[in-house]
Amino acid sequence: MSNPTAAHGSKVPAVTLGFWVVKIAATTLGETGGDAVTMTMNLGYAVGTAIFFVVFLVLAAAQIRARSFHRFLYWGVIVATTTVGTTLADFADRSLGIGYIGGSSLLFVLVLIALGAWYLAEGSVSVNNIVTPRVEAFYWLTILTSNTLGTALGDFLADDGGLGFEGGALVFGAGLAVLAALYFVTPISRTLLFWAAFILTRPLGATLGDLLTKPRDEGGLDLSRISSSAVIAIVIVICISLMRQHKEAHSTVAPPT
């Protein structure tokens with residue numbers, strides 16, 4: 010069971026419907042924003058990864074050092090993990106030439122390692138217990154690896170799987186619907202369902218981002234990556250501003266089982 014005081018002092022938002030809406034929007038922004046830097050600005054995957062990784066380190070350090078929950082800082086770190094996840098996965102899949110299957114397999118192992126190390130060190134990987142710097146470091150490491158994995162999975166299903174961006178988005182959306190059903194009608198571990206959903210929101214966002222910005226002959230809508238990123242960022246800011254994410258709302262998060 011979770012510590013009843015942990016949820017009150019946690020520096021992460023309550024896991025509500027609004028959380029998942031913003032998470033999907035953030036992963037979509039990660040795809041369009043990452044591609045804007047690496048492709049539109051033509052900086053390449055290695056340089057793009059280096060830029061976004063530095064941004065992630067700065068924001069994550071500020072988040073971990075913060076004494077309380079700051080919603081825009083928290084979601085800033087989430088967006089940073091999605092952008093670096095986009096460029097890092099593309100670098101591994103394309104620049105290193107290991108392909109989508111190789112990249113997805115490698116990243117899946119890294120996610121398991123992050124979760125395993127977290128569990129061995131703390132005895133839990135529940136998001137209800139993000140109350141110490143060490144736990145929070147594990148939390149952000151797991152999020153970074155899971156968002157990178159999600160990018161590779163999205164590209165694999167859309168490209169190698171032959172489903173295209175719309176088909177990939179439908180598959181991952183259906184997967185999230187199944188997880189939601191399992192949450193409401195089964196006693197399956199809420200922690201397990203959370204991390205499964207967290208991983209699946211990333212490829213959903215990746216396919217949605219590609220659907221918006223890829224050329225029409227590749228199945229996309231050929232919208233500008235930069236303007237699309239700006240619009241999505243504005244939507245995220247509005248959603249965050251409207252959401253109730255104060256620490257008193259954290260007590261509504263269901264404890265892990």
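All residue numbers for the sequence shown refer to this note's numbering, where the first residue is 10 and numbers rise by one.
Each residue gets a CB set at the ideal place from its N, CA and C atoms; glycine is no exception.
Around the beta carbon of Arg-143, fewer than 16 other beta carbons sit within 10 angstroms, so the residue counts as exposed. Three or more Cβ pairs closer than 8 Å define a contact, and the segment 232-241 meets that threshold against the segment 41-60.
Two segments are said to touch when three or more pairs of C-beta atoms, one from each, lie closer than 8 Å; by this definition the segment 221-231 does not touch the segment 243-250. Distance from Lys-20 to Ala-75 at the Cβ level is roughly 6 Å; contact confirmed, criterion being Cβ atoms closer than 8 Å.
Here Gly-27 has Met-252 as same chain residues with Cβ atoms under 6 Å from its own Cβ, once five neighbours each way along the sequence are excluded. Taking C-beta separations shorter than 7 Å and ignoring five residues to either side along the sequence, the partners of Thr-58 in its chain run Val-93, Thr-96, Leu-97 and Phe-100, following chain order.
In the three-state reduction of the DSSP assignment, Leu-213 falls in the helix class, which pools H, G and I. Assignment of alpha helix (DSSP H) within the segment 139-186, counting only whole runs of 4 or more residues, yields 142-164 in chain order. Between Leu-217 and Leu-230, the CB-CB gap reaches or exceeds 8 Å. For Asn-156, the number of other beta carbons within 10 angstroms of its own is at least 16, and it is reported as buried.
In this structure, the alpha-carbon of Ser-250 lies about 14 Å from that of Ala-23. When the five nearest sequence neighbours on each side are left out, the beta carbons in the same chain lying within less than 6 Å of the beta carbon of Asp-169 are those of Tyr-109, in order along the chain. Within 10 angstroms of the beta-carbon of Thr-151 lie 16 or more other beta-carbons, which makes it buried. Val-118 sits exposed, since fewer than 16 C-beta atoms from the chains shown fall within 10 Å of its C-beta. Pairing Val-86 with Leu-124, the inter-Cα distance amounts to about 19 Å. Of the residues Leu-201, Val-180, Ala-183 and Gly-163, the one whose Cα lies closest to the Cα of Gly-112 is Gly-163. Annotated as distal: Gly-132 and Ala-215, with beta-carbon spacing of 8 Å or more. In this structure, Leu-166 and Pro-212 form a Cβ contact; the two beta carbons are roughly 7 Å apart against a cut-off of 8 Å. Between the alpha carbons of Phe-207 and Ala-239 lies a distance of about 23 Å. Per DSSP, reduced to three states, the secondary structure at Asn-137 is helical. When DSSP states are grouped into helix, strand and coil, Arg-253 belongs to the coil group. The DSSP assignment places no complete beta strand (DSSP E) segment of no fewer than 3 residues inside the segment 34-119. Straight-line measurement puts the Cα of Leu-129 at about 28 Å from the Cα of Thr-25. In the three-state scheme derived from DSSP, where H, G and I count as helix and E and B as strand, Ser-233 is classed as coil.
Excluding residues up to 5 positions away in sequence, Ile-139 lie with their Cβ nearer than 6 Å to the Cβ of Tyr-148 in the same chain.
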